[in-house]
Amino acid sequence: HYSQAGVGPIEVILTQSRIFFSYLWMMVFPFAGNIELMRAEIVSRSLFQAPTTIAAVIGVLAVIGLAISQVRRRPLLSFAALFTILSLLPESLLIPQYLFFGYRAILPLAGPLLILGYGLLLAGEWARLRLSSAAFRTAATAAVLVPVIALGAVSVLRAKNWTHVTFWTDLASRLPAYSRDVETVPFLDIAVNCMSTLANEEKYGEAIALFDTVLAVGRRGESSPGDSPDIRNSVDGFIKTFGDQKMRAGGAMIALGVALQLTERIDEAMIAYSKALEIEPHHVDVHLTLGSFLEASGKVSEAMGHYRKAVELDPQNSLAYNCLGNALKQQGKLTEAMEEFARAIYVDPNSVLGYNNLGLSLQELGYYKEAVDEYRKALAVDPSSAETYHKLGRAFAESGNPEEALTHYRKAVELSPENAVAHCDLGLVLEFSGDIKGAVESYKRAI
Numbered sequence: 005h006y007s008q009a010g011v012g013p014i015e016v017i018l019t020q021s022r023i024f025f026s027y028l029w030m031m032v033f034p035f036a037g038n039i040e041l042m043r044a045e046i047v048s049r050s051l052f053q054a055p056t057t058i059a060a061v062i063g064v065l066a067v068i069g070l071a072i073s074q075v076r077r078r079p080l081l082s083f084a085a086l087f088t089i090l091s092l093l094p095e096s097l098l099i100p101q102y103l104f105f106g107y108r109a110i111l112p113l114a115g116p117l118l119i120l121g122y123g124l125l126l127a128g129e130w131a132r133l134r135l136s137s138a139a140f141r142t143a144a145t146a147a148v149l150v151p152v153i154a155l156g157a158v159s160v161l162r163a164k165n166w167t168h169v170t171f172w173t174d175l176a177s178r179l180p181a182y183s184r185d186v187e188t189v190p191f192l193d194i195a196v197n198c199m200s201t202l203a204n205e206e207k208y209g210e211a212i213a214l215f216d217t218v219l220a221v222g223r224r225g226e227s228s229p230g231d232s233p234d235i236r237n238s239v240d241g242f243i244k245t246f247g248d249q250k251m252r253a254g255g256a257m258i259a260l261g262v263a264l265q266l267t268e269r270i271d272e273a274m275i276a277y278s279k280a281l282e283i284e285p286h287h288v289d290v291h292l293t294l295g296s297f298l299e300a301s302g303k304v305s306e307a308m309g310h311y312r313k314a315v316e317l318d319p320q321n322s323l324a325y326n327c328l329g330n331a332l333k334q335q336g337k338l339t340e341a342m343e344e345f346a347r348a349i350y351v352d353p354n355s356v357l358g359y360n361n362l363g364l365s366l367q368e369l370g371y372y373k374e375a376v377d378e379y380r381k382a383l384a385v386d387p388s389s390a391e392t393y394h395k396l397g398r399a400f401a402e403s404g405n406p407e408e409a410l411t412h413y414r415k416a417v418e419l420s421p422e423n424a425v426a427h428c429d430l431g432l433v434l435e436f437s438g439d440i441k442g443a444v445e446s447y448k449r450a451i
């Protein structure tokens with residue numbers, strides 16, 4: 005854990021002395037702005053690195069000394085103070101790659117509550133001796149209700165605004181500018197989780213902006229021809245700084261790639277995905293996505309390399325076999341492609357895509373009956389597949405069965421009214437069958 009965090013025991017002790025007072029502040033004044041689950045701390049490398057470090061160390065030692073000195077006279081207060089400190093020690097010292105975690109204050113909270121209870125008893129005795137019964141009851145009621153109402157209101161407000169998006173954006177907004185003295189692991193965890201959450205919520209611009217403003221530190225390198233210099237330099241700066249944190253760096257590149265891809269910045273998305281695979285080459289979905297981009301740009305051989313790697317990494321991935329089969333078809337290797345489609349069906353008997361691809365290959369070879377059989381298997385899995393009905397209609401049309409073709413084309417356009425090609429195919433069969441009026445209507449819908 006210390007190796008992963010990149011800190012030594014003395015640095016952890018010095019930093020935790022400062023964090024102790026953060027926990028104490030959260031316990032005593034738990035208002036909305038004070039409650040944090042995690043944050044990236046500035047590491048205290050020495051007593052004098054930050055003015056608060058030496059003051060915090062002196063403060064902790066003073067609390068311990070005062071508590072020990074009061075063991076006989078005020079044992080409850082002594083126990084409360086020592087319990088607060090000692091219950092923080094194990095996890096604070098044993099998990100140094102997260103120097104601050106808000107939940108660590110829950111158990112030590114018993115210490116301040118004991119002190120609060122002790123103080124309330126003393127205040128109650130004092131008030132009972134000096135106030136009438138009615139005044140005492142009024143004061144006691146106010147002393148209980150005011151903090152309960154105030155803290156209840158804060159809890160409701162915090163819970164109302166603490167959605168899965170605001171949870172991470174709130175943490176990200178508190179991140180310090182990154183430097184060698186900032187904790188790397190929580191810094192990346194907060195930023196990468198925030199990026200992923202924003203991308204999942206279709207806030208792609210915000211996810212890209214977060215990467216460029218928070219994570220793309222230490223930019224370097226020149227852009228290659230055709231690449232975006234901004235993204236290339238941002239990615240290079242990120243890898244230079246965080247490349248040794250492979251899992252988190254790979255996650256950041258994937259989140260960036262998704263955001264770029266879904267804003268149709270495909271060339272830049274390919275840069276991010278390629279870097280993700282350089283860092284962690286085992287991401288099957290990234291191989292498939294990158295392969296699809298390469299295939300769409302005509303680089304079929306390069307795409308096949310990614311598809312074969314995906315199959316190697318996950319031999320039970322039906323989509324990988326389908327992608328590889330389609331790439332082989334583009335190279336004219338129809339027999340090999342059909343073998344891959346058959347493998348896709350073997351590893352996933354519910355693969356509608358596999359049945360459709362195999363059926364289309366058989367259809368292209370003129371084996372219409374066999375193609376129809378595959379399409380019917382696809383419909384047995386998904387009776388609402390408009391694509392399968394469309395392919396089935398074409399198989400019947402090409403094999404000279406216009407009645408069956410009409411039935412399946414009509415079903416295809418019923419399930420997918422926006423499919424212009426299906427409307428056009430329906431029009432062709434209607435025209436061939438002599439229904440000119442119906443054909444014209446289908447062509448109009450296609451247009």
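So the sequence shown is numbered by this note's numbering: it starts at 5 and just counts up by one. Glycine is no exception: its CB is placed at the ideal position from the N, C-alpha and C atoms.
Residue i, buried or exposed, once every other Cβ within 10 Å from all chains shown has been counted against 16
i: Trp130; result: exposed
i: Glu268; result: exposed
i: Tyr208; result: buried
i: Leu161; result: exposed
i: Leu362; result: buried
i: Tyr359; result: buried
i: Phe24; result: buried
i: Gln249; result: buried
i: Val16; result: buried
i: His291; result: buried
i: Pro229; result: Confidence in Pro229 is poor, its pLDDT being 42 and thus under 50, which makes the residue's placement too unreliable to answer from.
i: Leu264; result: buried
The alpha helix (DSSP H) enclosing residue i, as first and last residue numbers
i: Glu15; result: 13 to 32
i: His168; result: 168 to 177
i: Gly209; result: 208 to 214
i: Lys333; result: 322 to 334
i: Asn360; result: 356 to 368
i: Gly295; result: 288 to 300
i: Lys395; result: 390 to 402
i: Tyr277; result: 270 to 283
i: Gln8; result: 6 to 9
i: Ala413; result: Strictly speaking, residue 413 in this sequence is Tyr, with Ala absent from that position. Run containing Tyr413: 406 to 419, per the alpha helix (DSSP H) assignment.
i: Val444; result: 440 to 450
CB contact flag (residue i, residue j, <7 Å)
i: Glu187; j: Leu90; result: no
i: Tyr371; j: Ala399; result: no
i: Met251; j: Lys279; result: no
i: Ala85; j: Val67; result: yes
i: Ala314; j: Ala324; result: yes
i: Glu4; j: Ala443; result: It is not possible to answer for residue 4, since the shown part of the chain is limited to 5 through 451.
i: Tyr447; j: Ala416; result: no
i: Ala44; j: Pro190; result: yes
i: Leu175; j: Ile194; result: yes
i: Ala220; j: Gly241; result: yes
i: Val196; j: Gly255; result: yes
i: Asp289; j: Ser322; result: no
i: Ile243; j: Glu272; result: no
i: Cys428; j: Ala450; result: yes
i: Leu328; j: Glu344; result: yes
i: Pro57; j: Leu51; result: According to the sequence shown, residue 57 is Thr rather than Pro. Yes, Cβ-Cβ distance for Thr57 and Leu51 is below 7 Å.
Same chain, Cβ closer than 6 Å to residue i, five either side skipped, listed in chain order
i: Ala9; result: Pro100, Gln101
i: Ser96; result: Gln20
8 Å CB neighbourhood of residue i in its chain, flanking five on each side removed
i: Ala54; result: Arg22, Ile46, Ser48
i: Tyr107; result: Leu41
Length of the line joining the Cα atoms of residue i and residue j
i: Asp386; j: Trp172; result: 38 Å
i: Ala276; j: Leu260; result: 6 Å
i: Arg76; j: Ser82; result: 9 Å
i: Arg178; j: Leu366; result: 59 Å
i: Tyr413; j: Lys164; result: 50 Å
i: Ile72; j: Ala181; result: 40 Å
i: Asp231; j: Met342; result: Interpretation of Asp231 is limited by its pLDDT of 45, a score under 50 that renders its predicted location unreliable; the figure taken from the coordinates is listed afterwards. Using only the alpha carbons, I get a separation of about 36 Å.
i: His286; j: Leu430; result: 45 Å
i: Glu408; j: Glu284; result: 50 Å
i: Phe215; j: Val11; result: 25 Å
i: Met31; j: Ala114; result: 10 Å
i: Leu432; j: Glu378; result: 24 Å
i: Leu294; j: Leu266; result: 14 Å
i: Ala307; j: Glu391; result: 25 Å
i: Gly404; j: Leu317; result: 44 Å
i: Ser301; j: Val262; result: 18 Å
i: Glu299; j: Val239; result: 24 Å
i: Gly69; j: Leu125; result: 25 Å
i: Val148; j: Ile270; result: 60 Å
i: Leu364; j: Thr339; result: 12 Å
i: Ala203; j: Arg184; result: 28 Å
Own chain, CB closer than 7 Å to residue i, minus 5 neighbours either side, in chain order
i: Ala346; result: Leu362
i: Ser389; result: Val356, Ala382, Leu383
Proximity test, residue i beta-carbon vs the ligand ZN heavy atom, cut-off 6 Å
i: Met42; result: Among the components modelled here there is no ligand, and therefore nothing to report on the ligand ZN.
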